[in-house]
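Numbering (our numbering), first residue to last: 193 to 579.
The beta-carbon is built from N, C-alpha and C at its ideal position, and this holds for glycine as well.
A short write-up of the structure that comes next.
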Ligand SMILES: NC(=O)c1ccc[n+]([C@@H]2O[C@H](COP(=O)([O-])OP(=O)(O)OC[C@H]3O[C@@H](n4cnc5c(N)ncnc54)[C@H](OP(=O)(O)O)[C@@H]3O)[C@@H](O)[C@H]2O)c1
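In structure tokens:
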């Protein structure tokens, strides 16, 4: 961890009214980091949270449980009130009517809620497209709304793009996307832009979010297990000299808050990514990871395999990664290798031009991820992405 890693200043602007920033997805990885960033920046009173719960009190408990993982202090958690919880589910959007008065007073939305899964999950389209569209359409009727910051994913650009990938509203056909999740994320962006001209929409597309600069994988082991598995198996589908675009969740959250609160922005679409300046090669990650574990890097023992050859590794799963369901591990490796093989870096010049600091490199905080994962087996950590 670099002690002086650049931090993005949380805008100190006071909000005009209480509960004027609506955050969705705050019980999840990225939304939890956004909530922590806003609370630590002194903005707690401004926040309203959309949470799936039967009552505001239950919603508040769910939120507090997640924010503890993001190291929010007990004093700050106690100060949050049930009145700041708006109970609602994007699968059943009747709450958009009953909560309309509160919604119409909101000035900023940071929309992190989504089914963020590469698996075949029947709720992906109903939540990520239909429910999200109903929510955005309701918000587009507000006179008070200044910005609707929607969190997309950089991978929604689809395959066959030239790297570094630049921000673009062009999407491939849904069938060309690697998984339903990225197809749904592309479709909702397209629909909001084309069908909701009054929505003050800004889209932020993070690249690959792994760990936290200071908390490592405490709040989520999402995707870190893929690196652990690759090094334990001494094989994966990428070459060691290929680069990967990874950012920590706290950096991503700080960038989202800055994009939500900056009075003016030059664009309506931003990557939040490592780009050329902060991406690392797998070889660099191998060395930093090994150093953190007090081991020799995999280095020359590493074998690049084709996606079809992943199956040959199954025989060594148990000895190398611990007890696991080999079919699930193989499916996971195949899914994630599909994205890794795209070999994309995502251009982040637009973000930097907004005065937002560049992210740290993954190698600068991989030791914190290793430390926080010591007691967690690789198959157990994998379950973060297969809930
Ligand atoms: N993690 C990454 O690497 C990454 C990269 C690029 C983009 N993103 C984007 O970042 C956003 C957040 O992802 P994440 O990694 O933080 O995912 P996550 O940890 O799975 O969190 C998802 C959040 O969405 C909420 N949610 C899910 N279904 C909902 C529904 N039907 N109604 C209301 N809320 C619902 C969840 O609430 P419950 O707690 O109630 O389930 C949770 O708070 C997503 O839009 C994703 O596409 C993530």
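8 Å Cβ cutoff, residue i in contact with chain E
i           : result
residue 338 : The question asks about chain E, but that chain is absent: this structure has only one protein chain.
Per-residue burial, residue i [other beta carbons within 10 Å of its own, 16 or more giving buried]
i           : result
residue 417 : buried
residue 518 : exposed
residue 283 : exposed
residue 403 : buried
residue 455 : exposed
residue 412 : buried
residue 459 : exposed
residue 442 : buried
residue 420 : buried
residue 446 : buried
residue 275 : exposed
residue 247 : exposed
residue 230 : buried
residue 524 : buried
residue 514 : exposed
residue 290 : exposed
residue 429 : buried
residue 308 : buried
residue 544 : exposed
Alpha-carbon spacing of residue i relative to residue j, whole angstroms
i           : j           : result
residue 272 : residue 351 : 43 Å
residue 233 : residue 216 : 18 Å
residue 333 : residue 390 : 8 Å
residue 561 : residue 480 : 11 Å
residue 452 : residue 461 : 12 Å
residue 501 : residue 360 : 34 Å
residue 236 : residue 546 : 25 Å
residue 228 : residue 241 : 12 Å
residue 296 : residue 366 : 33 Å
residue 268 : residue 252 : 13 Å
residue 406 : residue 438 : 16 Å
residue 573 : residue 401 : 15 Å
residue 317 : residue 488 : 44 Å
residue 567 : residue 355 : 37 Å
residue 511 : residue 408 : 26 Å
residue 579 : residue 497 : 28 Å
residue 212 : residue 531 : 37 Å
residue 363 : residue 266 : 44 Å
residue 353 : residue 249 : 46 Å
residue 575 : residue 516 : 11 Å
residue 223 : residue 305 : 7 Å
residue 410 : residue 440 : 12 Å
residue 457 : residue 342 : 14 Å
Beta-carbon spacing of residue i, residue j below 8 Å
i           : j           : result
residue 490 : residue 423 : yes
residue 467 : residue 540 : yes
residue 564 : residue 465 : no
residue 340 : residue 313 : no
residue 436 : residue 558 : no
residue 386 : residue 337 : no
residue 310 : residue 357 : no
residue 278 : residue 294 : yes
residue 414 : residue 577 : yes
residue 526 : residue 499 : yes
residue 388 : residue 301 : no
residue 444 : residue 225 : yes
residue 323 : residue 396 : no
residue 548 : residue 484 : no
residue 255 : residue 219 : yes
residue 238 : residue 210 : yes
residue 285 : residue 328 : no
residue 432 : residue 508 : no
residue 330 : residue 463 : no
Neighbourhood of residue i by C-beta, 6 Å cutoff - its chain only, sequence neighbours within 5 removed
i           : result
residue 348 : 374, 377, 378
residue 471 : 435, 437, 537
residue 393 : 340, 384
Own chain partners of residue i with C-beta closer than 7 Å, once the 5 adjacent residues on each side are dropped
i           : result
residue 469 : 550
residue 196 : Caution applies to residue 196, whose pLDDT of 38 falls short of 50 and renders its modelled position unreliable; the value that the coordinates give is listed next. Contacts found: none.
residue 534 : 351
residue 434 : 473, 474, 535
residue 503 : 522
residue 194 : Residue placement at residue 194 cannot be trusted, given a pLDDT of 40 that sits under 50; what the coordinates show is reported in the next sentence. Cβ neighbours of residue 194 beyond the five flanking positions: 552, 556.
residue 570 : 417, 420, 421, 424, 513, 514
Sequence-distant residues of its chain with Cβ nearer than 8 Å to residue i (five each side left out)
i           : result
residue 506 : 518, 521, 522
residue 321 : 376, 379, 380, 383
residue 287 : 278, 279, 280, 281
residue 529 : 428, 429, 430, 499, 502
residue 495 : 426, 427
residue 335 : 296
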